[in-house]
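Chains as they are written, first to last, in the working numbering: chain A, 307 to 698; chain B, 307 to 698; chain C, 307 to 698; chain D, 307 to 698. Note that the Cβ used here is the ideal one computed from N, Cα and C, for glycine as well. Scroll down for the structure; my scribbles are underneath it.
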């Protein structure tokens, strides 16, 4: 399974094509739209989310709600395009007097300046920022929703929540209260900050409000959990077969993500070997299992069968309403950076996007190891494999 | 440029084949051996390093010290193989009475148990651990040495040092004292812990000594810096084009690495947007440049031209001389985990391996963007590009 | 540069996303539409081409007629979808009484039967044939048109014509009459059979008419020529770097293509070494050149700078109006194969599709070897390279 | 499964690393050596084969004759290296007076000239021809032998024979005499020309003798057959999923291969649709089957379950003992092309190499669709799949 996304932020639409989803998977627009709504629903988001209510369209690969095995085309229309049509028009040559929305003052922290150097864009940084915008993550959430539907058929559940915004941290020990991932989902999805309790939610909202007032922005961390994952996905045999490494790439590949760890690793950097390894047990009923999960569900680049615990670090959004110093790319004069409509924090949406990426990578790995053609055959193969592991 | 490594820890040799190194690069055994020696020279290493003094052999792709453009075969012989020949012999069927060195008690934290499940190895976990051993990283350092030689021709320097072992942290502020990466190299390479000052070196050694005495192990963090990198490597246009994401994969792909961040991101998670973005300036002499480097040399998944700063988190070595609880895979009885000859900490060697991986990824990206065939043509193209960026 | 296509034959649309086209390439709908029209214009085509007049839409990656460097979304609407909406609808569950257009009798020679086995489709072979239809080649022609526009900027021209339909062969010796590829284009495009002279055109038309009358179909061969290709694309260093091999894959990857050769190889199988090798000459003006081009522009998997000459063999269309014996997949009873609306021969359209694939592969190879980011920089690099080769 | 080969023709050794062979496959040196011997045993080979008796070494990935799932290192030493050590030495700088075996007159038809341009080798064409030599195919045969051992475990047999040398054609109708592929193997392997009967063998030998006497060389065609292949390998869903296309690439990727067809396609170019399609039948015992196999075992890019029939066209060896005209790359003077020790025809060895490539591609496709980790699990999955197809 692989996919490509396409689309500029104020262009006509966002598109994704997914190749390699097995035939026989039931997919409805509701399956995707509910995840798109989760991405949009977040404290600290700006104006754009009020214009758009993202709705998925299926344009290939699905017939009567069931996948065919052929490439799936997903589209989300940009409703805002009607306001930008002339500016973003693909078909007409540019009118030399049409300098509306031209961008010449690159924003520190965004792709603006380096992107322009790389692609030789001296006339308008919009040619960069329209694609580097996080609007693109809409389609990763859409692809992730397809992946999650597939994983659900195999007994795998995934959820992302917010573990820190600015200086406010979610008390991670709260996780111990819940027995299923669905309970964590119930709790975190009730808060607009996607944290785990009301007190933290309140504090995070206050921090976001203050930052907004200051024309500033906040970063933080998100945590993705996955349960029901069979042991033995990924491999130790070569560097490029390690599954945790692929997850790391997928998370850092999200706009603004600057760090990743497994099992809250950076917080445990000073722990000793005797404190961190997950001891091995066996019972007739469960087969092999662990007494703890400090390593976040991975050993030797492979899933252990324990819950996957991976954290992503998100930098503050670089677009500041109190802009930083920059330089006009045409005059080389110092000027304040330009401002594009933006949010105060991307962390809450980031939890959904990170969750989507983990889902995509897990689906890719499972489809590389098991059958890619028929969902039914895939389920049979996975069931046989799970039994074999349990009997090991 | 791509590569494969092969070899079991106590097999006859470690092998790597590299494809896509341009013709015309001068390579001597000294270029590689000095890096192999750096990997071996580290406080807290065990017995194996006394047996091996890794020496590279060139078996293809190089003629009269110069690369041909054809695949390069690198070999490091395992001197210890003479002690393991019968146990690891590829050519003879196993003697049923030959149970020497058979491993049945998986070590928590290693690939032993899950690897055996995945590859259906019920008889001997050695069939897993011989390959999952960090002995394989020898070849990544060798490949990395080739990459570094190439990068040096293009004016790019890379160095890795240790930023934390156990609870002892290197004072990062010391970096501000040095004007070139070579100075950092001079300083850190004089300490067996690869830290930045004598006080920390002493404290780290004491911590390692204590852990060894306790039959325990230590983790920590390493930091890799790269200077002279041209802006515009990697891209924002798609998830799989982001270069920081590829570096993240390459680091997590090293044995025991559990986390990665850029610009010391996890330590700055509570910073605001106004504190973290690197303001943009321009001067006739330098062209565009930044006033700071909080983002570790990346914006939008692309290099900015500032120093790359990436950190890797290393877990403690799972092999404990005071072993943890485990289960015999044949009897399903609880037993102590097995012990393979091992080190007390992998952090100091980890700095060299992480440095190697960053070098490999940078070389790959440069060779994807510029000429792959002739070093001379590559240098010419890079020079033209650097001038173009300076004139932007 | 890479791409994915998607779309069912009677679904709402055909879609392609192209990644890795440099920024700065001018693209208009006319550039694409003229190639789509060439694919549709052919003697021996059936009813479908009268319903569709394929028109391209740009939905990302292009602004004001210029590529941005970001992924390009191309769409061609299926006008016939309005007649098939209920049958192909992605959004609604299937109505059990809706058996309209259900297909149960697999057509020998098509993907119907094996596709159904692979994807476990017991209920309707339409779930296979909608995607295996040659309708998909619309998008390869569209992507090929983008590639051709890029190659044109670099001085490379490509053209495909028909060399055989049924038992009627184009006299290949006619090629010697023309000095430029454009002349070959002028000649062949004036015939609805895409052959090289009026006599052959007439004979081919008669053969097609007769086959149609018989409810039968015809195959044949097409020939693609490319001029202006720089020497040294592809490489001998490894099996997967040979460019002629990639072209072979791209041609056999077209529906109905069953063979490929270079320099009319199969016709020259009995020639001796002394007859076939292209002797090497040098002049101050031209640099190195050849006295002949029997090898079709390739030596050692690399372009020689001589004209690329590659031929594709196309089998007759398997859908016969006098259908062959088959078996109902639900009853296992012998029945005549089903009939989908179809053409009498695909050879004339095949010339355009083959031409498109060669263009795509050449563009991919050039973009792998030279700059992928900016058309201007690409042109500069190619110019420097061409000069270097001329001065060799 | 993927692999890299490395090694220069007169360097110390040829090396291959294979990644992704399942654990549990029994491999002995005899398995590989017998195939290496087949490649060497051929009428029309030159002196080199008398120096070398290729012997495989296992240097990783195999323990006690069984694969571990980790990368497999295969080595064949070049015995001739002892005569070339100084000339090919990787470790010492070139001695300026050491011009022994320097090559300056490129051979038409070989990679010499274009390779030198591409890799900027003005001083010695040996830097090209050492790698472009067909000596490299030794390792493809070795890797192919591993693939064939794997396929044999799954009930798949593959064999290549010679269908034409120079103007002498093997009577293909002879194939109808044999009921199993093993019978074809018995027959063809008894002839040094690898044809199917004594008369043709004699004629081919005479043609080779005459060409040798003339200082000339011969080409021809080879044919590879595969039986026991399950239906449904490869797919129609996208251009890059078609398995026949991958086989085409793999054959054209062999030195000197200039054409490929399926089901003797080029010989059937004038056949009608009604003559070529393979009608579909069903019986309770066999499930679905075909009445003929004109399409060579493929429909829609997928295996049909019928015998794979693929032909490769091989050009005459370009090295002529009566050399063609060429140009000295340093003086630009016209001179006769240089001569490297060479064979009179590569066709007989080509049959073995083509067979190896088909084996590799089939193994890759099977391992992409089924389990890659454990041979036992792979066999179980394939058995379930075969039953499912039989019951379709």
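Can you name the start and end residues of the beta strand (DSSP E) that residue i belongs to?
i                      : result
residue 464 of chain D : 463-471
residue 569 of chain A : No beta strand (DSSP E) contains residue 569 of chain A, which DSSP labels as neither H nor E.
residue 596 of chain A : 593-596
residue 617 of chain D : 614-620
residue 387 of chain A : Looking at the DSSP string, residue 387 of chain A is not in any beta strand (DSSP E); the run it does join, the alpha helix (DSSP H), is 387-394.
residue 358 of chain A : It is not in any beta strand (DSSP E) - residue 358 of chain A carries neither H nor E in the DSSP assignment.
residue 327 of chain A : Neither: residue 327 of chain A is in no beta strand (DSSP E) and is coded neither H nor E.
residue 526 of chain C : 526-533
residue 589 of chain A : 586-589
residue 434 of chain D : Premise fails: residue 434 of chain D lies in the alpha helix (DSSP H), 432-438, not in any beta strand (DSSP E).
Cutting at 8 angstroms between CB atoms, please list the residues of its own chain near residue i, excluding the five before and the five after it.
i                      : result
residue 407 of chain B : 390, 393 and 432
residue 303 of chain A : Given that chain A is displayed from residue 307 to residue 698, the structure contains no residue 303 of chain A and the question cannot be resolved.
Which of helix, strand or coil does DSSP assign to residue i?
i                      : result
residue 494 of chain B : helix
residue 631 of chain C : strand
residue 413 of chain B : coil
residue 640 of chain A : strand
residue 362 of chain A : strand
residue 681 of chain D : helix
residue 686 of chain B : helix
residue 309 of chain C : strand
residue 400 of chain D : coil
residue 369 of chain D : strand
Leaving out the 5 sequence neighbours to the left and right, which residues in its chain are closer than 6 angstroms to residue i when beta-carbon positions are compared?
i                      : result
residue 554 of chain A : 566
residue 694 of chain C : none
residue 462 of chain A : 534 and 535
residue 435 of chain A : 418
residue 653 of chain B : 468, 471, 526 and 620
Does residue i pass the burial test, meaning 16 or more other C-beta atoms within 10 Å, or should it be called exposed?
i                      : result
residue 647 of chain B : exposed
residue 592 of chain A : exposed
residue 697 of chain C : exposed
residue 479 of chain C : exposed
residue 651 of chain B : buried
residue 486 of chain D : exposed
residue 589 of chain B : exposed
residue 505 of chain C : exposed
residue 602 of chain A : buried
Please return the same chain residues whose Cβ sits closer than 7 angstroms to the Cβ of residue i, not counting the five positions on each side in sequence.
i                      : result
residue 326 of chain A : 307, 308, 673 and 678
residue 437 of chain D : 314
residue 730 of chain A : Nothing can be reported for residue 730 of chain A: it is not among the residues displayed for chain A, which extend from 307 to 698.
Would you list, in chain order, the members of the segment 683-697 of chain D that have their beta-carbon closer than 8 angstroms to a beta-carbon of chain A? 683, 686, 687, 690, 691 and 694
Compile a chain-ordered list of the residues in the segment 415-427 of chain B whose CB is closer than 7 angstroms to at least one CB of chain C. Answer in chain order: no residues at all.
Residues of the segment 364-380 of chain A whose Cβ lies closer than 9 angstroms to any Cβ of chain C, in chain order: So the close ones are 364, 365, 366, 367, 368, 369, 370, 371, 372, 374, 375, 376, 377, 378 and 379.
Of the residues that make up the segment 430-456 of chain C, which ones have a beta carbon closer than 9 angstroms to any beta carbon in chain B? Correct list: empty, as no residue qualifies.
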